[in-house]
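**Q**
Chains as they are written, first to last, in UniProt numbering: chain A, 1 to 396; chain B, 1 to 396; chain C, 1 to 396; chain D, 1 to 396.
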């Protein structure tokens, strides 16, 4: 095969595999299995319990498919929280992979039992709930991760590091876009894992802005290190009839007045997961695309374009090299990024549970505050669109 | 080398090479030489006269470099119009390649002498002048072409044909962007061919919106066949200090409420001429990029993406095949596109001068009306930016 | 995130996770961890035992890092075979991830205990040993997989399916290449996981031909379904001094006289894992590259090129769709391919152990016979190079 | 449009346009028109005379289409040589664009009249004729250019310059390939411009090796600056039945024992003009592809890959910058490369005719000696293939 690499450079080794429980993820669902795959890839977790569905028959059958022990297959997450909290070998953390409107209650239930939380995004369906989770996290000191998993690609970390190092100079404009085509199928034909995403009672005030717009919001702020201050949005429903937007175009402002744009659509025929960020500074620009996540394009002004690739050496920052599991040229992809994220969650949780100190800045996973900012962004964009295009604040 | 092709499929053969005069294009200028190169590539023109500069010494030296005959080197375009009109072998058309604020007067001078006009864009610095040229063209019946040359690439014609044929279904959204980096150099260091472009007294109310935004406006409407109705713009000066915008982000509406975006910047570090159009319909999308002009990406919903390449056969429409000079795989590029445009101008002018009829729709070159629409677009975008983002009409 | 998919379409569900032991893979090694990662990704295996090194201290420390139970950390693979065979919860299979010269003995030891074998490639350092393993496998009926993992990418399966379906017509030529740069570092500085690869006493008669040439041999025959009959090779040592070749160029013939080429080098500056196959038929060609494994380029004669991407629907064969874990556009990569391979191994082993029948052709993993053909290929190429370029048979 | 550039940096300005006559290129031919287009693009030539066909009716009609004056349309190249030599405004050079077997006689006829020669490749159908032309050129001192036009791309000159500057270190291996699909059509259906290429009586001992193999030979030696010493070839006829090879695979040796490969096929379905060179040194590699001629990929060992693009500044050597006609990002392509070549021919011819000295190394166009080396390469490859793969010398 190829040459050597050390893997997980500088991360503390695991003392044991942590135990993960999953809520959601049963038959007909999609994202729960992605969480579980990431946990396995990280090699720091065993998935040992699940309330994979609220329908008992589906929960049972799904639990068997996941090879869970019979006594740790639940159909009620509250029961799961209670029983797992009582076990000596109870779960260390819960992964919440259900529709948006249930995140808040589930998170509260597990936090109340002292169990760390890993929640899918968007965090909640309204800012009030999100801020309440922020408070509860602060009060309990529990770890609360939010799965903006794209930001856990090694080359996204590299982009962030290069900007932090000043290689782009002063940031001048930021463009993020995310195009998908799957919502061109009418919602009632799009499968259980998709259909709920367009229902206001389950997702809140936005479909596409919540589903993929929040990734754009997070990526733009994470990579640049700049908070987003305001947004002006227009919402469109361009595909099959539905009660919420499936497309949105936005102008935004980051701290310091740095302008940017966001374009999102889930009815863009011929696209799959066309999630791209471009950051322009007064010295150079960076470009990264999630469909080719191994490459980071660094383009200095009036000089040859450079293509950095994931790996060690060759100008790669330690914060990116930490996530190198295969040598350069042996591609990693989305499962690996989820693995990276679950590795960070595990390190944070183990450190909390063992009372260890971690070096400042070693972990960069998104937390409950990032989740709340995503909810605020959804509300601001939605307010702006409803107002006919007024600028709205994204700041909490 | 390779296999055969007929070239200029179905265009009437030239009876003679037409005679072209050029205003502008002298030393320190750029675009005039591009016009001349296109004229030569077309093999339907000889460049025989020029007022290449208003400074007599520059005009003389440039004229010699261009290998013009001494008696057809002018420094005053009015003199050129008068003298050439008197000659038996006088120019058939003038190419206007000077700063924007002079286009109107020069065009009037040559039209008054019955000489056909080929003008660079933007047509004029204000709508009033543009509409006056529209009227004069109508009154005289002269040919008046405007050099939106990118739209003369064979694969842009192919894109237009495929949309006309319904391959995309109903158009749902249209995104056009154009990124350059050259204006990151301060205007006073950017060279004579660049510096005038940022001066309001020479270019009117906009820099980047006029220089490259008009290409986005034209390309979006040309390819889709949809008129642009309204624009909401924000203007930014993100590079070295200058009196006009060097960056603009816009939301637009085409006929029927089809939404779109335009993003332009001439201070986008690491980009060169990143001019791209993406059109999404309810069956498929198309994508074309001027830096790789030979390829048109056709992406049907839930089917393999296709890459059409310039050439004959293989699904290429006759309107695109007409401009095939080299077989598929032997790349053509910008000089060839300018050649295509000058070929169309020549055919139109020869037909007018010989009183021939051309088949309906054979020629698709941009004319004075397209030029006027570009000026209206600049004014609408500028008005919108000044108003803080009101929607403004692009319709004349 | 995105739309739904069923995952592992049509594969029988696992009854339990199988138990894997690993020989090799300790500190300083590379490929052992890749095997373990693949096993985890598949979700059909737990890694429960290991002789990760023959040095007891390294074995112990590595075993702890892998979170193995103390009593299942071994430094002698014979002890491991014996003890695991005695346990009720003993390993179902062993993964052999050591230098080439040890594969044979280790395989024999575990087969003797009735334990299924998964071996890295090349299978052995000489054909005699390889054929002996073939015989032992036949005698015992044990599963014996060989990890040509690249061929487990979903889109490689798709390529094979399309050729089987006749989409290329008759195969006319086949070109495979694999370029790396890592051996430009002198062997004694290349790290433990790399240095042994250039030592004849550990790897046999070839370095690069065994290390990556065998992947080319397997890929060419696997994708086309054509056996390789003869090879003419030249070997070069172009990088730092070493006793074996680091570069080889070959002309080959597949069944029916179909010609092809193989180019391999591990001192090709600026390349990483540039492993590419191109198959040309009389109707179309296919092209696949390991560094962008999600895309398969299908290029019919005189028609637009198509880019198929991993996912369900859109022309993807069931044999490729079986390995879809993320929807199209959410990239999978090498860990996922290893996961696919370990999934197939698990299904085969579970079926053998439970006496179940599997549908004909459902599994396409490389087995001990494929491994033996690889060894034959190494010997034929080496013989040819030594002879100054005679054609040598690759047929066993 | 964009920023400025000076064009033809450092070349002496033309005193007048030279006069070109063309032999071949009439209706049904292809390459003659490519020559003429290049001459026009260069702006240093007028095409004024032609023996475009040996059939009088075709010659006449083609000459009219080319807008030649009636008295300079010939059907007999000997008559053309004689008459043009007598005129005060006779042609300065002849472009020979006929089938291979006629190049020698035509070249002799024009050289005898003191007219400079520009010949298509391969130079002749046998080495004896080629060497006779070398002698005649030496005796007369006439300019004799051969149109290996791909090597006139600006970025090919850049590649050559970078290797000359030592950026790759010592050259270690060189791989050149050229794949086309057009000969998949049976020869009798492939059109007049194609059909003659497979006839031994017109092209000599090889089809594909002469037609595109010679480009590989020239490119490999031109870019590296290394002479090719020996070749081992196998010839195949994989497409429709024909008397000569349509596919060939070769191993070669450059000076100093540097190994390389050449792969060529004109029956490679789905390819167009896939002409690529990759040069690997002990510091870095370079890669260039004719279908994307604006970009040169420079890949240093263990460092980010760089993509150089045509233009001035940004590390571009003066020998490449001389051929910059459009600023970076405004693509040039094959017509521009032909223009570059015709520019060099014009400069050389003007210098000869005016007795001027040109700076050493300013011009790098291929000459009669390069043409003869190409013929020698064809013969060596053909001899090797006939011998069953013996190494044959390419050295004259």
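Every residue, glycine too, gets a C-beta built ideally from N, C-alpha and C. Nothing here was measured: the structure is a model prediction, and the numbers come from that model.
1) Decide yes or no for the touch test of the stretch 123 to 130 of chain B against the stretch 54 to 65 of chain B: beta carbon pairs closer than 8 Å, at least 3 of them.
2) Taking the alpha-carbon of residue 33/A as reference, which of 330/A, 338/A, 328/A, 224/A has the nearest alpha-carbon?
3) Is the separation between the beta-carbon of residue 384/B and that of residue 376/B shorter than 7 Å?
4) Measuring only the C-alpha atoms, how far is residue 66/C from residue 23/C?
5) Output needed for residue 164/A: all residues of its chain with C-beta closer than 7 Å, excluding positions within five of it in sequence on either side, in chain order.
6) Looking at the strands, I want to know which residues DSSP matches up with residue 173/D.
7) With a CB to CB cut of under 7 Å and the five nearest residues on each side skipped, what residues in its chain are close to residue 174/C?
8) Looking at C-alpha atoms only, which residue of 27/B, 366/B, 201/B, 348/B is the closest neighbour of residue 358/B?
9) Below 8 Å on the Cβ atoms is my guess for residue 271/D versus residue 343/D; work out the distance and round it to an integer in Å.
10) For the ligand FAD, any of its heavy atoms closer than 6 Å to the Cβ of residue 216/B?
11) Is the Cβ of residue 296/D closer than 7 Å to any Cβ of chain C?
12) Less than 7 Å between CB atoms is the rule here; does residue 333/A satisfy it with respect to chain C?
13) Is there at least one Cβ from chain B nearer than 7 Å to residue 216/D's Cβ?
14) Check whether the stretch 99 to 110 of chain D touches the stretch 68 to 84 of chain D, taking contact to mean three or more Cβ pairs, one atom from each stretch, closer than 8 Å.
15) Report the residues of the stretch 248 to 262 of chain B with a CB closer than 7 Å to any CB of chain A, ordered along the chain.
16) So the candidates are 290/B, 145/B, 240/B; which of them puts its Cα closest to the Cα of residue 364/B?
17) Can you find a C-beta in chain B that's less than 7 Å from the C-beta of residue 242/A?
18) Can a CB atom of chain A be found closer than 7 Å to the CB of residue 344/C?
19) Please compile the residues from chain B whose C-beta is within a distance smaller than 8 Å of the C-beta of residue 309/D.
20) Would you verify that the beta carbon of residue 301/B is, or is not, closer than 7 Å to some beta carbon of chain A?
21) Check this for me: beta carbons of residue 411/D and residue 179/D, under 7 Å apart or not?
22) Can you confirm whether residue 7/B, when its beta carbon is compared against all beta carbons of chain A, has any partner nearer than 7 Å?
23) Just the C-alpha distance for residue 151/D and residue 340/D, rounded to the nearest angstrom, thanks.
24) By the criterion of Cβ-Cβ separation under 8 Å, what are the contact partners of residue 219/B in chain D?
25) Please report the straight-line C-alpha distance between residue 81/A and residue 109/A, rounded to a whole angstrom.
26) Closer than 7 Å by C-beta to residue 374/B: which residues in its own chain qualify, once you throw out the five before and the five after it? Chain order, please.
27) Assuming residue 249/A is part of the beta strand (DSSP E), what are its boundary residues?
28) For residue 302/C and residue 284/B, what's the separation of their Cα atoms in angstroms?
29) Can you name the start and end residues of the beta strand (DSSP E) that residue 74/B belongs to?
30) Which full runs of the alpha helix (DSSP H) of 4+ residues lie inside the stretch 106 to 146 of chain B, going along the chain?
31) Tell me whether the stretch 134 to 148 of chain A and the stretch 156 to 163 of chain A touch, counting them as touching only if at least three CB pairs, one residue from each stretch, are closer than 8 Å.
32) Taking C-beta pairs closer than 9 Å, name the residues in chain A that residue 267/B reaches, listed in chain order.
33) Is there a Cβ from chain A that is less than 7 Å from the Cβ of residue 245/C?
34) Starting from residue 396/A, follow the alpha helix (DSSP H) in both directions and report where the run begins and ends.
35) At 9 Å on the CB atoms, spell out the chain C contacts of residue 184/D, in chain order.
36) Quick one: what's residue 263/D bridged to in DSSP?
**A** Taking the structure as given:
1) no
2) As a working note, residue 33/A is residue 33 in the first chain. It is 338/A whose Cα lies nearest to the Cα of residue 33/A.
3) For the purposes of this step, residue 384/B is taken as residue 384 along the second chain, with counting starting at 1. For the purposes of this step, residue 376/B is taken as residue 376 along the second chain, with counting starting at 1. Their beta carbons are not under 7 Å apart, which means residue 384/B does not touch residue 376/B by this criterion.
4) Reading the third chain from its first residue, position 66 is the one you call residue 66/C. Reading the third chain from its first residue, position 23 is the one you call residue 23/C. Distance between the alpha carbons of residue 66/C and residue 23/C: 13 Å.
5) For the purposes of this step, residue 164/A is taken as the residue at position 164 of the first chain. Closer than 7 Å at the Cβ level, and outside the excluded window around residue 164/A, lie 225.
6) Here residue 173/D is taken as the residue at index 173 of the fourth chain, counted from 1. Partner(s): 280/D.
7) On the third chain, residue 174/C is found 174 positions in, with the first residue counted as 1. Answer for residue 174/C: 220, 224, 254, 258, 260, 279, listed in chain order.
8) Residue numbering aside, residue 358/B sits at position 358 when the second chain is read from its first letter. Minimum Cα distance to residue 358/B is reached at 348/B.
9) Taking the first residue of the fourth chain as 1, we reach residue 271/D at position 271. Taking the first residue of the fourth chain as 1, we reach residue 343/D at position 343. The pair is not a contact, with the Cβ atoms about 30 Å apart (cut-off 8 Å).
10) What this structure holds is no ligand at all, so the ligand FAD is not there to describe.
11) In the fourth chain, counting from the first residue as 1, residue 296/D sits at position 296. No, its Cβ sits nowhere closer than 7 Å to a Cβ of chain C.
12) Position 333 of the first chain holds residue 333/A. True, the Cβ-Cβ gap to chain C drops below 7 Å.
13) For the purposes of this step, residue 216/D is taken as the residue at position 216 of the fourth chain. No, residue 216/D does not count as interfacial toward chain B.
14) yes
15) 249, 251, 259, 261
16) Residue mapping note: residue 364/B aligns to position 364 of the second chain, counting from 1. Nearest option by C-alpha distance: 145/B.
17) Counting from one through the first chain, the residue named residue 242/A turns up at place 242. Chain B contact via Cβ: absent.
18) Residue 344/C sits at position 344 when you count from the first residue of the third chain. Residue 344/C does not count as touching chain A.
19) Taking the first residue of the fourth chain as 1, we reach residue 309/D at position 309. By Cβ distance, chain B contributes 272.
20) The residue labelled residue 301/B in the question sits at position 301 within the second chain. It does; some Cβ of chain A falls within 7 Å.
21) There is no way to answer for residue 411/D, as the model of chain D reaches only from 1 to 396.
22) The residue you call residue 7/B lines up with position 7 of the second chain. With a pLDDT of 44 at residue 7/B, under the threshold of 50, the predicted position of this residue should be treated as unreliable, though the coordinate-derived value follows. So no, residue 7/B is outside the interface.
23) The sequence position of residue 151/D within the fourth chain is 151, counting from 1. The sequence position of residue 340/D within the fourth chain is 340, counting from 1. Taking the straight line joining both Cα atoms gives about 10 Å.
24) As a position in the second chain, residue 219/B is number 219, starting the count at 1. Here the premise fails: no neighbours, minimum Cβ distance about 14 Å.
25) Start at 1 with the first residue of the first chain, and residue 81/A comes out as number 81. Start at 1 with the first residue of the first chain, and residue 109/A comes out as number 109. Using only the alpha carbons, I get a separation of about 7 Å.
26) Here the question's residue 374/B lines up with position 374 in the second chain. Around residue 374/B: 121, 122, 123, 214, 217, 218.
27) Numbered from 1 along the first chain, position 249 holds the residue referred to as residue 249/A. Unbroken beta strand (DSSP E) run through residue 249/A: 247 to 254.
28) Numbered from 1 along the third chain, position 302 holds the residue referred to as residue 302/C. Numbered from 1 along the second chain, position 284 holds the residue referred to as residue 284/B. Looking at the two C-alpha atoms, the distance is approximately 22 Å.
29) Taking the first residue of the second chain as position 1, residue 74/B is located at position 74. Where residue 74/B is concerned, there is no enclosing beta strand (DSSP E), given that its DSSP letter is neither H nor E.
30) 127 to 140
31) no
32) Here the question's residue 267/B lines up with position 267 in the second chain. Here the neighbours are 172, 173, 280, 282.
33) Within the third chain, residue 245/C is the residue found at index 245, counting from 1. It does not: the Cβ of residue 245/C has no partner Cβ on chain A nearer than 7 Å.
34) Within the first chain, the letter at position 396 stands for residue 396/A. Per DSSP, residue 396/A belongs to no alpha helix (DSSP H) and is neither H nor E.
35) Looking up residue 184/D in the fourth chain gives position 184. Correct list: 282, 301, 302.
36) As a first step, residue 263/D must be located in the fourth chain, where it is residue number 263. Partner(s): 177/D, 249/D.
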